[in-house]
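Q: Could you have a look at this structure, given as structure tokens, before my questions?
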Amino acid sequence: MDLRQLEMFKAIVDTGSFTKAGEKLFVSQSAVSRQIKLLEEELGEPVFQRTPKKVHLTEAGQLVLQYCNRVFNEIGLLKSEVSDLSELRRGTVRLGGGMSVCTYLYPTLLKKYHQRYPMVDVSISTGTNDEILKQMREHEVDLALLSLPFHDPDLEVGRAVREEMLLILPQDHPLARQDGPVPFESLPESPFIHFERGSNTRQLIDEIFREREIWPPKTMEIQNVEITKALVEIGLGLSIVPYPAIALAGKKRRLAVRRLEGPRIYREMGWVHLKSDYMSHAMRKMLELFEDIRDRWEKLEAR
Numbered sequence: 008m009d010l011r012q013l014e015m016f017k018a019i020v021d022t023g024s025f026t027k028a029g030e031k032l033f034v035s036q037s038a039v040s041r042q043i044k045l046l047e048e049e050l051g052e053p054v055f056q057r058t059p060k061k062v063h064l065t066e067a068g069q070l071v072l073q074y075c076n077r078v079f080n081e082i083g084l085l086k087s088e089v090s091d092l093s094e095l096r097r098g099t100v101r102l103g104g105g106m107s108v109c110t111y112l113y114p115t116l117l118k119k120y121h122q123r124y125p126m127v128d129v130s131i132s133t134g135t136n137d138e139i140l141k142q143m144r145e146h147e148v149d150l151a152l153l154s155l156p157f158h159d160p161d162l163e164v165g166r167a168v169r170e171e172m173l174l175i176l177p178q179d180h181p182l183a184r185q186d187g188p189v190p191f192e193s194l195p196e197s198p199f200i201h202f203e204r205g206s207n208t209r210q211l212i213d214e215i216f217r218e219r220e221i222w223p224p225k226t227m228e229i230q231n232v233e234i235t236k237a238l239v240e241i242g243l244g245l246s247i248v249p250y251p252a253i254a255l256a257g258k259k260r261r262l263a264v265r266r267l268e269g270p271r272i273y274r275e276m277g278w279v280h281l282k283s284d285y286m287s288h289a290m291r292k293m294l295e296l297f298e299d300i301r302d303r304w305e306k307l308e309a310r
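Heads up: the sequence shown begins at 8 in the numbering used here, then just goes up one per residue.
Right, dumping it as structure tokens:
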């Protein structure tokens with residue numbers, strides 16, 4: 008077994024066919040077939056189930072893919088360690104995060120990062136916590152800023168920032184005309200727009216609602232905070248969102264912002280990455296630079 012065989016195996020998985028894998032690697036389809044045959048002979052098990060239209064991984068193939076991802080990830084780490092010697096004249100950081108983080112926090116962070124390390128390639132994946140963690144375990148994301156908590160022995164988690172959660176409502180809503188915090192008992196009169204089910208932020212809000220026995224008559228679930236704000240603007244419901252998503256959106260929004268009665272509501276955000284003996288220099292510098300802007304970010308609280 009050699010790296011070329013694993014490279015061809017991964018190309019077939021990525022493209023879905025032997026022919027497309029050959030095109031991707033600039034070799035003939037027969038060369039790909041020959042190397043996969045040698046791989047299967049060495050393993051003593053088929054790694055692909057072939058059909059007229061597509062190839063599918065066998066159980067053995069699924070296992071090979073797991074180890075294949077590990078091998079190429081270790082190679083990537085080796086390249087990162089070597090590139091560190093050149094003081095970040097090159098490198099890669101693959102970030103992940105939820106929609107509000109990618110929309111309001113990452114741009115400020117990445118602007119400063121690019122100014123200091125212009126030769127480092129940075130990519131961003133957005134999605135739910137589960138989607139980002141799946142990509143992280145498949146070594147497609149290096150570092151993610153996600154809502155806490157996490158309890159997973161495979162993950163390294165460090166607190167990053169705390170964001171206040173505030174009620175948003177249309178400017179002409181009756182509750183918007185009242186001074187001071189909004190009583191929780193007023194919320195059941197209006198439809199409510201939630202974060203997606205299963206997210207840590209949703210669990211935080213659900214727990215607060217359960218404690219106060221709040222049951223809005225009608226609800227929606229939206230992953231995108233920008234869509235949520237647009238729906239609130241046109242009067243389709245109320246929502247609770249992180250304050251930076253409002254504060255950094257400018258004054259054009261037709262939204263009222265209110266605290267709810269009782270203790271202030273915060274969600275904790277943390278940097279998450281797989282546990283490893285090595286963290287790339289590019290990743291470490293990203294975390295160090297975040298520390299420079301964290302205080303300013305945490306001061307984004309409603310008056």
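Every residue, glycine too, gets a C-beta built ideally from N, C-alpha and C.
Within its chain, find whatever has a CB closer than 8 Å to the CB of Thr65; leave out the 5 residues flanking it on each side and keep chain order.
A: Glu52, Pro53, Val54, Phe55, Gln56
Q: With a floor of 3 residues, list each beta strand (DSSP E) that falls wholly inside the stretch 120-158, ordered by position along the chain.
A: 127-133, 150-154
Q: Pick out the complete beta strand (DSSP E) segments inside the stretch 11-38, 3 residues or longer, and give them in chain order.
A: none
Q: Would you mind reading off the limits of the alpha helix (DSSP H) that contains Val216?
A: It should be pointed out that residue 216 corresponds to Phe in this sequence rather than to Val. Taken as a continuous stretch (DSSP letters only), the alpha helix (DSSP H) holding Phe216 covers 207-218.
Q: For the alpha helix (DSSP H) containing Ile253, list its first residue and its last residue.
A: Note, Ile253: alpha helix (DSSP H), 251-254.
Q: In this structure, does DSSP put Trp304 in helix, strand or coil?
A: helix
Q: Just reading off the alpha helix (DSSP H) that Val239 is part of, what are its end residues?
A: 232-240
Q: Is the beta carbon of Ser87 closer than 8 Å to that of Asp287?
A: The residue asked about is misnamed: residue 287 is Ser in this sequence, not Asp. Their beta carbons are under 8 Å apart, which means Ser287 touches Ser87 by this criterion.
Q: Should Lys292 and Tyr124 be called a contact, given that it needs their Cβ atoms to be closer than 8 Å?
A: yes
Q: Val89: buried (16+ other C-beta within 10 angstroms of its C-beta) or exposed?
A: exposed
Q: On the CB-based measure, 16 or more other CB atoms within 10 Å of its CB, does Asp149 come out buried or exposed?
A: buried
Q: I need the DSSP call for Gln56, collapsed to helix, strand or coil.
A: strand
Q: In the DSSP output, what is Met227 paired with across the bridge?
A: Ile200
Q: Determine the extent of the beta strand (DSSP E) in which Thr99 is found, giving its start and end residues.
A: Where Thr99 is concerned, the enclosing beta strand (DSSP E) starts and stops at 98-104.
Q: Since Gly277 sits in a beta bridge, which residues does DSSP pair it with?
A: Leu153, Arg166
Q: Pick helix, strand or coil for Leu95, following the three-state DSSP scheme.
A: In this structure, Leu95 counts as coil in the three-state DSSP scheme.
Q: Would you say Leu182 and Leu176 are within 8 Å of each other, going by their C-beta atoms?
A: yes
Q: Could you say if the stretch 230-250 and the stretch 159-167 meet the contact criterion of at least three C-beta pairs nearer than 8 Å?
A: no
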